[in-house]
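Since the structure comes first, as structure tokens, the remarks are kept for the end.
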Amino acid sequence: MLFNNLMHVSFYTDRLEAMEDFYINKLGGELKIVTRAKAYLDRPQSGYHALALADPEKVIIVYIELAPGQFVELFPKNEGQGPAPRMGENLGYAHFALTVDDIFAAREELERRGVVFDTEISKGPSETYQMWVHDPDGNAFEIMQYTSRSFQVVGHIM
1 MLFNNLMHVS FYTDRLEAME DFYINKLGGE LKIVTRAKAY LDRPQSGYHA
51 LALADPEKVI IVYIELAPGQ FVELFPKNEG QGPAPRMGEN LGYAHFALTV
101 DDIFAAREEL ERRGVVFDTE ISKGPSETYQ MWVHDPDGNA FEIMQYTSRS
151 FQVVGHIM
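Using our numbering, the letters of the sequence shown map in sequence onto residues 1 to 158.
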């Protein structure tokens with residue numbers, strides 16, 4: 001068995017509109033799916049069924065395509081759900097990365113769209129260019145450009 005790609009990363013948010021704006025208008029993603037609670041009206045076994053009865057128009061899932069077949073999935077936060085931990089605070093999810101063909105041109109374009117970067121462009125020990133940014137909820141991610149010497153391309157086992 002071979003995996004085809006990483007289909008999506010998923011986040012709960014209490015700022016759905018700000019997150020949509022960031023991933024669509026700032027990063028240039030395309031809104032592909034908006035699922036409302038009413039999709040679960042005929043699924044009484046689902047955790048969304050009660051919500052479908054109470055508030056059928058409530059948006060419960062948003063998919064934004066950032067690259068062909070690769071998405072950011074957003075869920076409105078559940079009642080009582082606390083904030084996400086800061087990066088490195090807990091085990092588990094740390095960040096995701098996006099690749100571009102020209103990191104310098106990408107930065108210029110994204111800055112024109114209003115993206116504020118956490119770091120300058122640098123080349124990491126893996127010989128891959130990188131810069132860090134975060135979304136409105138503070139989820140950190142990298143934007144990267146492979147080089148001909150990138151460990152991700154040529155491999156590197158020490």
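Ideal Cβ placement from N, Cα and C applies to all residues, glycine included. Model, not experiment: these values are computed from the prediction.
**Message:** Going by C-alpha to C-alpha distance, which of 133, 126 and 113 sits closest to residue 26?
**Reply:** The shortest CA-to-CA distance from residue 26 to any of 133, 126 and 113 is the one to 113.
**Message:** Is the separation between the beta-carbon of residue 6 and that of residue 70 shorter than 8 Å?
**Reply:** The Cβ-Cβ distance between residue 6 and residue 70 falls below 8 Å.
**Prompt:** If you check the beta carbons only, do residue 104 and residue 141 fall under 8 Å apart?
**Reply:** When the beta-carbon positions are compared, residue 104 and residue 141 stay at least 8 Å from each other.
**Asked** Does DSSP put residue 153 in a helix, in a strand, or in coil?
**Response** Here residue 153 sits in helix by DSSP.
**Request:** Kindly provide the ranges of any alpha helix (DSSP H) runs that are 4 or more residues long and lie completely inside the stretch 48-79, ordered along the chain.
**Result:** Restricted to the stretch 48-79, the alpha helix (DSSP H) segments that are unbroken, complete and at least 4 residues in length are 49-54, listed in chain order.
**Item:** Whether residue 33 touches residue 12 by CB criterion (8 Å)
**Value:** The answer is no: Cβ separation not under 8 Å.
**Message:** Going residue by residue through the stretch 82-117, where are the continuous alpha helix (DSSP H) segments of at least 4 residues, counting only ones entirely within it?
**Reply:** With a minimum length of 4 residues, the continuous alpha helix (DSSP H) runs that stay inside the stretch 82-117 are 103-112.
**Request:** Indicate whether residue 128 and residue 148 have their beta-carbon atoms separated by less than 8 Å.
**Result:** No.
**Asked** Around the Cβ of residue 143, are there at least 16 other Cβ atoms within 10 angstroms (buried) or fewer (exposed)?
**Response** Classification for residue 143: buried.
**Request:** Compare the C-alpha of residue 40 against each of 23, 31 and 58 and name the closest.
**Result:** Nearest to residue 40 by C-alpha distance, out of 23, 31 and 58, is 58.
**Request:** Assign residue 107 to buried or exposed, taking buried as 16 or more other Cβ atoms, counted over all protein chains shown, within 10 Å of its Cβ.
**Result:** Around the C-beta of residue 107, 16 or more other C-beta atoms lie within 10 Å, and the residue is accordingly described as buried.
**Message:** Among 99, 18 and 51, whose alpha-carbon lies nearest the alpha-carbon of residue 79?
**Reply:** Restricting attention to 99, 18 and 51, the CA atom closest to the CA of residue 79 is found in 51.
**Request:** Can you tell me which of the three DSSP states residue 6 falls into?
**Result:** It is coil, neither helix nor strand.
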